[in-house]
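Chains W and C, in that order, are what the protein sequence lines are.
Taking the numbering used here, the leading residue of the first sequence gets 1, the next gets one more, and so forth.
Taking the numbering used here, the leading residue of the second sequence gets 109, the next gets one more, and so forth.
Even glycine gets a Cβ: it sits at the ideal position worked out from N, Cα and C.
In what follows, a structure is listed as structure tokens, so that the remarks can point back to it.
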Amino acid sequence: AQRVTQPEKLLSVFKGAPVELKCNYSYSGSPELFWYVQYSRQRLQLLLRHISRESIKGFTADLNKGETSFHLKKPFAQEEDSAMYYCALSGNTGKLIFGQGTTLQVKP
Amino acid sequence: NAGVTQTPKFQVLKTGQSMTLQCAQDMNHEYMSWYRQDPGMGLRLIHYSVGAGITDQGEVPNGYNVSRSTTEDFPLRLLSAAPSQTSVYFCATRTSQLNTEAFFGQGTRLTVV
């Protein structure tokens, strides 16, 4: 079964502080992992995917198969990063499953 | 190029009423899905489709029906609305290729009284 767990409902940091949003997954095959972001009053949009190993808006995420984790990190948070972040997992059945979401609040 | 279009944006239903949420896409994507978004529960998959004529249940399918007669449309039907179905509903599409991005509609806010 596919499962995604985001243990933190809310993460509150000050501007300039490092950020780490946790994501753990359960899947027996080779997972496709993503981070999506939802800014206030906007649609969900892709932030990054594990296969690309890219940095988007200063965010990075590394797939750790041993720990079944895909944590999202940014060294210096900005106020415009305040949003809801979702970790998502896709397997080979076409299903895309999301975690519970973490609200990131960056205080000035 | 409209992308993913959901209608209506807002809806209030009385308990026991039925309705259909519409989702249309013009990107020729094979995969389409319906999610509901609730505080503290995240996005939960209701039903999904990997192509015209093929649908399957997600995590929370009870009380909802879907059909996929065309590539473009994937309506979600509430047969007899209940207050527990008060939520924000999102439709999403993506291609069948690996590691591709899902595109979301703007959401439908449904209240069942």
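When you compare each of W:Tyr36, W:Lys9, W:Thr5 and W:Lys15 to Glu80 (chain W) by their alpha carbons, which one comes out closest? For this step, residue 80 (chain W) is matched to residue 80 along the first sequence. If we check each option's Cα against that of Glu80 (chain W), W:Lys15 comes out closest.
CB-CB length for Phe34 (chain W) against Leu46 (chain W), believed under 8 Å: If you number the first sequence from 1, residue 34 (chain W) lands on position 34. If you number the first sequence from 1, residue 46 (chain W) lands on position 46. Their Cβ separation, rounded to whole angstroms, is 6 Å, which keeps Phe34 (chain W) and Leu46 (chain W) in contact under 8 Å.
Please confirm if Phe182 (chain C) has its CB atom under 8 Å from at least one CB of chain W. Counted from its first residue, the second sequence places residue 182 (chain C) at position 74. No, Phe182 (chain C) lies away from the interface with chain W (no Cβ there is under 8 Å from its Cβ).
On the CB-based measure, 16 or more other CB atoms within 10 Å of its CB, does Ile97 (chain W) come out buried or exposed? Indexing the first sequence from 1 puts residue 97 (chain W) at position 97. It is buried - the Cβ of Ile97 (chain W) has at least 16 other Cβ atoms within 10 Å.
Where in the region 3 to 29 of chain W do unbroken runs of the alpha helix (DSSP H), each at least 4 residues long, occur, reported from the N-terminal end onward? none
Here's a check: name, in chain order, each residue in its chain whose Cβ is nearer than 7 Å to the Cβ of Ala110 (chain C), leaving out the five neighbours to either side. On the second sequence, position 2 is the one that residue 110 (chain C) refers to. The residues are Asp134.
DSSP state of Ser204 (chain C) mapped onto helix, strand, coil: Residue mapping note: residue 204 (chain C) aligns to position 96 of the second sequence, counting from 1. Reduced to three states, the DSSP call for Ser204 (chain C) is coil.
Where the beta strand (DSSP E) through Lys74 (chain W) begins and ends: The count along the first sequence starts at 1 and reaches residue 74 (chain W) at position 74. Start and end: Leu72 to Lys74.
Identify every residue that forms a DSSP beta bridge with Gln130 (chain C). The residue you call residue 130 (chain C) lines up with position 22 of the second sequence. According to DSSP, which records beta bridges pairwise, Gln130 (chain C) is partnered with C:Thr115.
May I have the straight-line CA-CA distance separating Thr208 (chain C) from Glu138 (chain C), to the nearest angstrom? Residue numbering aside, residue 208 (chain C) sits at position 100 when the second sequence is read from its first letter. Residue numbering aside, residue 138 (chain C) sits at position 30 when the second sequence is read from its first letter. The straight-line gap from Cα to Cα measures roughly 12 Å.
Under 8 Å, Cβ to Cβ, is there at least one residue of chain W near Leu186 (chain C)? In the second sequence, the residue the question calls residue 186 (chain C) occupies position 78. It does not: the Cβ of Leu186 (chain C) has no partner Cβ on chain W nearer than 8 Å.
Any beta-carbon of chain W closer than 8 Å to the one on Val168 (chain C)? Residue numbering aside, residue 168 (chain C) sits at position 60 when the second sequence is read from its first letter. Cβ-Cβ to chain W under 8 Å: no for Val168 (chain C).
Backbone secondary structure at Glu237 (chain C) - three-state DSSP: No answer is possible for residue 237 (chain C): it lies beyond the span of chain C, which begins at 109 and ends at 221.
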